[in-house]
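K.L.:
Residue numbers (mature numbering (1 follows the signal peptide of the UniProt record, and there is no 0)): -32 to -1, 1 to 239.
#1: Taking the alpha helix (DSSP H) that residue 138 belongs to, which residues open and close that run?
#2: Using 10 angstroms around the beta-carbon of residue 16, count the other beta-carbons present and answer buried if the total reaches 16, otherwise exposed.
#3: Looking only at its own chain, which residues have a Cβ that is under 8 Å from the Cβ of residue 104, when we skip the five neighbours before and after it?
#4: Have a look at 91, 68, 18, 234 and flag the residue whose alpha-carbon is nearest the alpha-carbon of residue 39.
#5: Taking just the CA atoms, how far does residue 238 sit from residue 61?
#6: With respect to the beta strand (DSSP E) encompassing residue 152, which residues constitute its N-terminal and C-terminal limits?
#7: At which residue ranges does the region 7 to 45 contain complete beta strand (DSSP E) runs of 3 or more residues, listed in the order of the chain?
#8: In whole angstroms, what is the alpha-carbon distance linking residue 89 and residue 53?
#9: For residue 106, does the three-state DSSP call read helix, strand or coil?
#10: According to DSSP, simplified to helix, strand and coil, what is residue -2?
#11: Could you check how far apart the C-beta atoms of residue 11 and residue 176 are, in whole angstroms? I think they sit under 8 Å.
#12: Label residue 153 either buried or exposed according to how many other C-beta atoms from any shown protein chain fall within 10 Å of its C-beta, with 16 as the threshold for buried.
#13: Please identify the residue among 81, 42, 48, 67 whose C-alpha is closest to the C-alpha of residue 57.
#14: How big is the Cα-Cα spacing for residue 224 and residue 99?
#15: On the three-state DSSP scale, how would you describe residue 97?
#16: Starting from the Cα of residue 173, find the closest Cα among 187, 2, 13, 9 and give me that residue.
#17: Residues in the same chain with beta-carbon distance under 6 Å from residue 73, minus the five sequence neighbours each way, listed in chain order, please.
#18: Which residue comes first and which comes last in the beta strand (DSSP E) that contains residue 208?
#19: Considering only their Cβ atoms, is the gap separating residue 130 from residue 233 smaller than 9 Å?
#20: Check whether the Cβ atoms of residue 46 and residue 219 lie closer than 9 Å to each other.
#21: Relative to the ligand FMN, is the shortest distance from any of its heavy atoms to the C-beta of residue 156 smaller than 8 Å?
#22: Quick check on residue 157: buried or exposed, where buried means 16 or more other Cβ atoms within 10 Å of its Cβ?
#23: Quick one: what's got a C-beta closer than 6 Å to residue 155's C-beta in the same chain, skipping five residues either side?
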């Protein structure tokens, strides 16, 4: 259920959210459930320049991506918004997961997701309550409890499995191939917010955020840069994500490579 592309090129425009991947494993602590996820926090930006001779890009995504929802109706809404994105996606496969409404339009084989409407706003309101997000944001356990209750109340089952982001060709890629989005819980993170590429020089603007935040990943991208002798000189690894809450109208590239602190990452199924 994935689109996988390998491109060897000297010019590739980048507009991605970077997830720190190399050497990254989902950290678990005894107090993880007490941490609340409430939004992006404050930010700082810096530029990075990579000079290269040629570049190879490997990427994979769930076909047609995920719905993009935007709302600033509630405080600390990033976890319920991520849940709403997941519900909006699985409404394709689970009739009336969003009651009396289809979250998508189908043109032949092509799927286009509808934007935020009263129906999906009602999902957000329900999850906001079920996840107890009004008390300073939802916890990891609150997110899962809320998703479980929402799915059950509509006749379905919510399930999850942990995936490591240290090796994207493992459980993460398996989840993407199976059409399972991955909810990523972050405690400080980085996005690519601008990019330019001349064919031999790529300039990236990286914005760091200090908040506890939740995004939903539906793919990845790995850029490998080489010199003229075909020596690998740099690698950048990203997750393609839909960002909840403040920035949810944009697809982002979340930076791995040590630039995002992932506390939990789970492949989600509603069936």
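For glycine and all other residues, C-beta sits at the position ideal for the given N, C-alpha and C. Small disclaimer: the values here were computed from a predicted structure and weren't measured.
P.N.:
Working from what's here:
#1: Residue 138 sits at position 170 when you count from the first residue of the chain shown. For residue 138, there is no enclosing alpha helix (DSSP H), as DSSP gives it neither H nor E.
#2: On the chain shown, residue 16 is found 48 positions in, with the first residue counted as 1. That one is exposed.
#3: Walking along the chain shown from the start, residue 104 turns up at place 136. Annotation for residue 104: 4, 6, 44 place their beta carbon closer than 8 Å to its own, counting only its chain and skipping 5 residues before and after.
#4: On the chain shown, position 71 is the one that residue 39 refers to. Considering only alpha carbons, the answer is 91.
#5: As a working note, residue 61 is residue 93 in the chain shown. As a working note, residue 238 is residue 270 in the chain shown. When rounded, the distance between both Cα atoms is 9 Å.
#6: What you label residue 152 is simply residue 184 of the chain shown in a count that begins at 1. Element bounds for residue 152: 150 to 165.
#7: 11 to 19, 22 to 29, all fully within the region 7 to 45.
#8: For the purposes of this step, residue 89 is taken as residue 121 along the chain shown, with counting starting at 1. For the purposes of this step, residue 53 is taken as residue 85 along the chain shown, with counting starting at 1. Looking at the two C-alpha atoms, the distance is approximately 11 Å.
#9: For the purposes of this step, residue 106 is taken as the residue at position 138 of the chain shown. The DSSP-derived three-state label of residue 106 is strand.
#10: Your numbering for residue -2 matches position 31 in the chain shown. Residue confidence for residue -2 is low, a pLDDT of 31 falling below 50, so the modelled location carries little weight; the figure read from the coordinates is stated next. Coil at residue -2, not helix or strand.
#11: Residue mapping note: residue 11 aligns to position 43 of the chain shown, counting from 1. Residue mapping note: residue 176 aligns to position 208 of the chain shown, counting from 1. With 8 Å as the limit, residue 11 and residue 176 qualify as a contact, their Cβ atoms being about 6 Å apart.
#12: Counting from one through the chain shown, the residue named residue 153 turns up at place 185. Buried.
#13: Translated into the one-based positions of the chain shown, residue 57 becomes position 89. Out of 81, 42, 48, 67, 81 has the C-alpha closest to the C-alpha of residue 57.
#14: Sequence index remark: in the chain shown, residue 224 carries index 256 (1-based). Sequence index remark: in the chain shown, residue 99 carries index 131 (1-based). If I take the Cα positions, the gap works out to 27 Å.
#15: Position 129 of the chain shown, counted from the start, is the residue given in the question as residue 97. Looking at residue 97 - three-state DSSP - the assignment turns out to be helix.
#16: For the purposes of this step, residue 173 is taken as residue 205 along the chain shown, with counting starting at 1. Among 187, 2, 13, 9, the Cα nearest to that of residue 173 belongs to 13.
#17: Indexing the chain shown from 1 puts residue 73 at position 105. The answer, listed in chain order, is 80.
#18: One-based indexing of the chain shown puts residue 208 at position 240. Its beta strand (DSSP E) spans residues 200 to 211.
#19: For the purposes of this step, residue 233 is taken as the residue at position 265 of the chain shown. For the purposes of this step, residue 130 is taken as the residue at position 162 of the chain shown. In this structure, residue 233 sits near residue 130, with a CB-CB distance shorter than 9 Å.
#20: The residue labelled residue 46 in the question sits at position 78 within the chain shown. The residue labelled residue 219 in the question sits at position 251 within the chain shown. Against a cut-off of 9 Å, the Cβ pair of residue 219 and residue 46 comes out as no contact.
#21: This structure simply doesn't include the ligand FMN, nor any ligand for that matter.
#22: Translated into the one-based positions of the chain shown, residue 157 becomes position 189. Looking at its Cβ environment, which holds 16 or more other Cβ atoms inside 10 Å, residue 157 is buried.
#23: Position 187 of the chain shown holds residue 155. Non-local C-beta neighbours of residue 155 in its own chain, meaning closer than 6 Å and more than five positions away in sequence, comprise 180, 229, 231, ordered along the chain.
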